[in-house]
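Asks: At position 22 of the sequence shown (counting the first as 1) the number is 37 in the working numbering, and the numbers step up by one without a gap.
Heads up, the beta-carbon is just placed ideally off N, CA and C, and yes, glycines get one too.
The structure under discussion is supplied below as structure tokens; questions concerning it will follow.
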Amino acid sequence: MIKVKICGIKTRETAIEADQSGADFIGFIFYKKSSRFINPFKAAEIANSVNCKKVGVFVDESPGVINGITRLVGLDYVQLHGNEDVKFASKIRAPIIKAWRYNAELDMREVNNYPCDIILLDSFVKGRVGGTGKTFDWRKASLETRKLTKPFLIAGGISIDNVREVIDIFRPYGIDVSGSLEINGVKSANKIREFMETVKDL
Numbered sequence: 016m017i018k019v020k021i022c023g024i025k026t027r028e029t030a031i032e033a034d035q036s037g038a039d040f041i042g043f044i045f046y047k048k049s050s051r052f053i054n055p056f057k058a059a060e061i062a063n064s065v066n067c068k069k070v071g072v073f074v075d076e077s078p079g080v081i082n083g084i085t086r087l088v089g090l091d092y093v094q095l096h097g098n099e100d101v102k103f104a105s106k107i108r109a110p111i112i113k114a115w116r117y118n119a120e121l122d123m124r125e126v127n128n129y130p131c132d133i134i135l136l137d138s139f140v141k142g143r144v145g146g147t148g149k150t151f152d153w154r155k156a157s158l159e160t161r162k163l164t165k166p167f168l169i170a171g172g173i174s175i176d177n178v179r180e181v182i183d184i185f186r187p188y189g190i191d192v193s194g195s196l197e198i199n200g201v202k203s204a205n206k207i208r209e210f211m212e213t214v215k216d217l
């Protein structure tokens, strides 16, 4: 089955629901400007409650802080969602998911050459680093993703209504979902369960 990453987890209840419903990854956002920011100590408590892979999302944070939070929380992956270059990546002491915002100027050779384990393609919205809930030109992008040499995740506006479409178009390693599983900005255990049931039936 396709891998599912549920990002922006902030409570133990929704983390456990994601885990028990079959999500492969949960994401904690350690970017203070995000509405989904979580304190690392709280994330560490939640992480101890689940068995799925834990991902920490960072935006142009220092390597020292990232490595410290990785140890504290017990992260399995570090997701770099800013302008972190190759030299920066070499300082990270965990497997890396590197996020790229897809647009016409994105060079897949650069993406392939980045020292990461998994690639994440997200929507490009000027002035925003992610979490926009916006989709991008999936069919055009799918032609480019054929050039990728590493596993890749698709993010940006994925919901229970279009998850089949995105999987059919890209045949990706996995998908990254967040906003569509929220009610008034808060993750819903019911929405998580319904989404995972839908994915399992695809």
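What would DSSP say about Ser138, mapped onto helix, strand or coil?
Replies: Ser138: strand per DSSP, three-state reduction.
Asks: Could you round the C-beta distance between Val192 and Ile17 to whole angstroms and report it? I think they count as a contact, below 8 angstroms.
Replies: 11 angstroms between Cβ atoms; not a contact.
Asks: Please check the pair Asn127 and Leu163, which I expect to be a contact at CB under 8 angstroms, by giving their CB distance rounded to whole angstroms.
Replies: About 6 angstroms; that satisfies the 8 angstroms criterion.
Asks: With the cut-off set at 9 angstroms, would you say Gly79 and Ala58 are in Cβ contact?
Replies: For Gly79 and Ala58, no; Cβs fall outside 9 angstroms.
Asks: As a quick exercise: from Pro130, Arg116 and Asn82, pick the residue whose alpha carbon is nearest that of Asp100.
Replies: Ranking the options by Cα distance to Asp100, first place goes to Pro130.
Asks: Do you know offhand how far Glu212's Cα is from Ser195's?
Replies: Near 15 angstroms, if we compare the C-alpha coordinates of Ser195 and Glu212.
Asks: In chain order, which continuous runs of the alpha helix (DSSP H) of length 4 or greater are located wholly inside the segment 93 to 133?
Replies: Runs of the alpha helix (DSSP H) inside the segment 93 to 133: 101 to 104 and 123 to 128.
Asks: Tell me the rounded alpha-carbon separation between Lys165 and Arg116.
Replies: Spanning the two alpha carbons is a distance of roughly 17 angstroms.
Asks: Could you give the DSSP three-state label for Ile89: helix, strand or coil?
Replies: The residue you asked about is not Ile; residue 89 is Gly in the sequence shown. Of the three classes helix, strand and coil, the one that applies to Gly89 here is coil, per DSSP.
Asks: Going by DSSP, which residues form a beta bridge with Leu191?
Replies: At residue 191 the sequence reads Asp, which differs from the Leu that was named. DSSP lists Lys20 and Ala170 as partners of Asp191.
Asks: If you drop the 5 nearest sequence neighbours on each side, which residues of the same chain put their C-beta closer than 6 angstroms to that of Ala62?
Replies: Taken in chain order, the residues that qualify are Lys69, Val88 and Gly89.
Asks: If you count every other CB in all the chains shown that lies within 10 Å of the CB of Gly171, and 16 or more means buried, which is it?
Replies: By the neighbour-count rule (16 or more Cβ atoms within 10 Å), Gly171 is buried.
Asks: Val76 by DSSP, collapsed to three states: which one?
Replies: A quick correction: the sequence has Glu, not Val, at residue 76. Glu76: coil per DSSP, three-state reduction.
Asks: Taking the beta carbon of Phe185 as the centre, do at least 16 other beta carbons fall within 10 Å, making it buried, or is it exposed?
Replies: So Phe185 counts as buried.
Asks: Helix, strand or coil for Val70, going by three-state DSSP, please let me know.
Replies: Strand, per DSSP.
Asks: Just confirm the distance between the C-beta atoms of Asp304 and Lys20, as a whole number of angstroms; I'd bet it's less than 8 angstroms.
Replies: Limits of the chain in this structure are 16 at one end and 217 at the other, which puts residue 304 out of reach.
Asks: Tell me whether Glu76 is buried or exposed, calling it buried when 16 or more other Cβ atoms sit within 10 Å of its Cβ.
Replies: Counting Cβ neighbours within 10 Å, Glu76 comes out buried, since at least 16 surround it.
Asks: Going by the DSSP bridge assignment, what does Lys202 pair with across the sheet?
Replies: DSSP lists Glu197 as partners of Lys202.
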